[in-house]
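First up is the structure itself, then whatever we jot down about it.
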Amino acid sequence: MSKKRVLVIDDEPDIRELVEITLGRMQLDTDCAENITRAKQLLQQQTYDLCLTDMHLPDGNGLDLVEFIQQHFPRLPVAVITAHGSIDTAIESMKAGAFDFISKPVDLNVLRKLVNTAIQSSQLPGNEKLPTESFIIGQSKAIQDLTRSIQKLARSQAPIYISGESGSGKELVARSIHELGPRASKPFIAVNCGAIPRELMESEFFGHKKGSFTGAHQDKLGLFQAAEGGTLFFDEVADLPLDMQVKLLRAIQEKSVRPVGASEELVTDVRILCATHKSLETEVKESRFRQDLFYRLNVIQLSVPALRQRREDIALLATHLLQKISSEMQLPAPKLSNAALQTLNDYYFPGNVRELENILERAFTLCENDEIDVGDLQLQTDQTSFVTFEKIENNKNPNQTNTENKNNRIDYPARCAEYSSLDDYLLDVEKEILCDALEKVRWNKTLAAKKLGITFRSLRYRLQKLGLDDE
Ligand SMILES: Nc1ncnc2c1ncn2[C@@H]1O[C@H](COP(=O)(O)OP(=O)(O)OP(=O)(O)O)[C@@H](O)[C@H]1O
Ligand SMILES: [Mg+2]
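Counting from -10, one number per residue, gives the positions in the sequence shown under this note's numbering.
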């Protein structure tokens, strides 16, 4: 196999030399440039597998070079070398498309890891590669755009904040980013930040040395070490206590961790992804989440659309999920009757794809013959409107299984008898749904309308009708 070639751009001869020697020992060929003009010349003449550039160069900014490469050589990974402490520059460059950053003074250990990941990334096949396990189903524009972003972002090492409603597929997105990237053969570890007891958190994250506290009978590896070379996915990151937020921030910034009771820091190489169904922006505004950590985690934001915002995917997803459910039971997949599909198409899906999965799982066990009909869906409908609504559980128990989920279903028709007319009953249901949605977004009507999949005007009209409008 031919030797890989790296382009190094730095105006300091010492750094060029240090990098060249290090890369030479890794059996890589290196070309050096002292400024942007020369770098651009070399890029036209040679094919490279990686480009490493300083930020402050005599004839311009490294950021411009990152943008130039993004535009003309989109498959070439470029990493930036930043001055110590200038993390803002690093974040800017990753937003512009840099694959990763390394800060000065250059730690050779970190450099070697970065180079290895980059070389693997440049060998990845193009867009034709799709993950097998975590395949994201959907033909809607929103999902197609999301899939394209994932394919592009998988190569980069930038932290990504995945936002989206409960059950919309955030973890699936995180897994796909991992599986499509250069870290695919290394571990993907999902951590539910809300599920780890506070007092064990530091040791869970960073590990501990034997004897560092009562009960530490032997050395223990933390999640960072377990995910070495791979990806750490911090799920429900908004649930991290403030003191852990500080520690996580340090680990991300320094790319190293210190196990509890250890005197030495350990260099780590993990990609950080995170998600939460809460709004991190709101958490920051209300001082429950540190602004600086948010800034580090939110280098790139991906938002996963709610299922009701992409109804055209419902049929496709239903077929896929039924296939999955039935093959687990080694039975043939049932079909959905047209009426059942119509009912699903009209449903609100507060619990998104996970809820669809639960509904179909139950329907699968209820249905006779090999067709699922409206009744099997158990979404009690009447002639005027559907009246089943599953609460979005805000503080979900992370260990909750699908079956437990089902038991949280609130069936309003059970209360129907309390009302003198169906209309009164429906108004009450509507009121409850609107209040619930509004409360979740702190009575921001624009957001609430968006969440409910209705227009702002329609929301105002409904609030007026229910006497809930404060204006
Ligand atoms: N587009 C999709 N294609 C196929 N399956 C999907 C899709 N989106 C979600 N799923 C499936 O729906 C379920 C819920 O997805 P996932 O766990 O990723 O959601 P989440 O956003 O992380 O939810 P939560 O906020 O509750 O943690 C999973 O079984 C997942 O495989
Ligand atoms: Mg999740």
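Glycine is no exception: its CB is placed at the ideal position from the N, C-alpha and C atoms. If you're wondering where the values come from, they're calculated on a predicted model, not measured in any experiment.
- Distance from Ser165 to Ile149 at the Cβ level is roughly 11 Å; contact not present, criterion being Cβ atoms closer than 8 Å.
- A residue is called buried once 16 or more other Cβ atoms fall within 10 Å of its Cβ, and Gly13, having fewer, is exposed.
- Those residues that bring their Cβ nearer than 6 Å to a heavy atom of ligand 2 are Lys159, Glu160 and Asp224.
- DSSP places Asp89 inside the beta strand (DSSP E), whose first and last residues are Asp89 to Ser92.
- For the pair Val55 and Cys40, the Cα-to-Cα distance works out to about 9 Å.
- It is roughly 46 Å from the alpha-carbon of Ala107 to the alpha-carbon of Lys324.
- Taking a cut-off of 8 Å on C-beta distances, the region 58 to 66 does not touch the region 202 to 218, as fewer than three cross pairs fall below it.
- In the structure shown, the three-state DSSP call for Ala251 is coil.
- Under the three-state reduction of DSSP, Ile361 is assigned to strand.
- Inter-residue distance for Ser157 and Ser410 is about 35 Å (C-alpha atoms, whole angstroms).
- Inter-residue distance for Asn98 and Val104 is about 10 Å (C-alpha atoms, whole angstroms).
- Placement of the Cβ of Ser75 at a distance of 7 Å or more from every heavy atom of ligand 1 is found.
- Residue environment: Leu161 is assigned as buried (16 or more neighbouring CB atoms within 10 Å of its CB, all protein chains considered).
- With a cut-off of 8 Å on Cβ pairs, the region 18 to 28 is in contact with the region 44 to 54, counting three or more such pairs.
- Secondary structure at Ser157: coil, using DSSP grouped into helix, strand and coil.
- Pairing Gln280 with Leu311, the inter-Cα distance amounts to about 42 Å.
- The residue from Ala85, Gln35 and Ile126 with its alpha-carbon nearest to that of Leu305 is Ile126.
- Counting only runs of 3 or more residues that sit fully inside the region 255 to 280, the beta strand (DSSP E) segments are 260 to 265, in chain order.
- Classified as buried, Thr265 has 16 or more neighbouring CB atoms from the shown chains inside 10 Å of its CB.
- Val55 is not bridged by DSSP to any residue.
- With fewer than three CB-CB distances shorter than 8 Å, the region 266 to 280 does not count as touching the region 210 to 217.
- Cβ contact annotation for Tyr284 (same chain, cutoff 8 Å, sequence separation greater than five): Ile80, in chain order.
- In this structure, the C-beta of Gly49 stays at least 7 Å away from each heavy atom of ligand 1.
- Bridge partners of Tyr337 according to DSSP: none are assigned.
- About 7 Å separates the Cβ atoms of Gly170 and Ser110, confirming a contact at the 8 Å cut-off.
- Annotation for Ser292: the continuous beta strand (DSSP E) segment containing it runs Ile289 to Val293.
- Residue side-chain check: Leu457 keeps its Cβ at 7 Å or more from all non-hydrogen atoms of ligand 1.
- At the C-beta level, Ile348 and Ala147 stay beyond 8 Å of one another.
- Short note on Leu306: C-beta closer than 7 Å to some heavy atom of ligand 1.
- At least one heavy atom of ligand 1 sits closer than 7 Å to the Cβ of Arg343.
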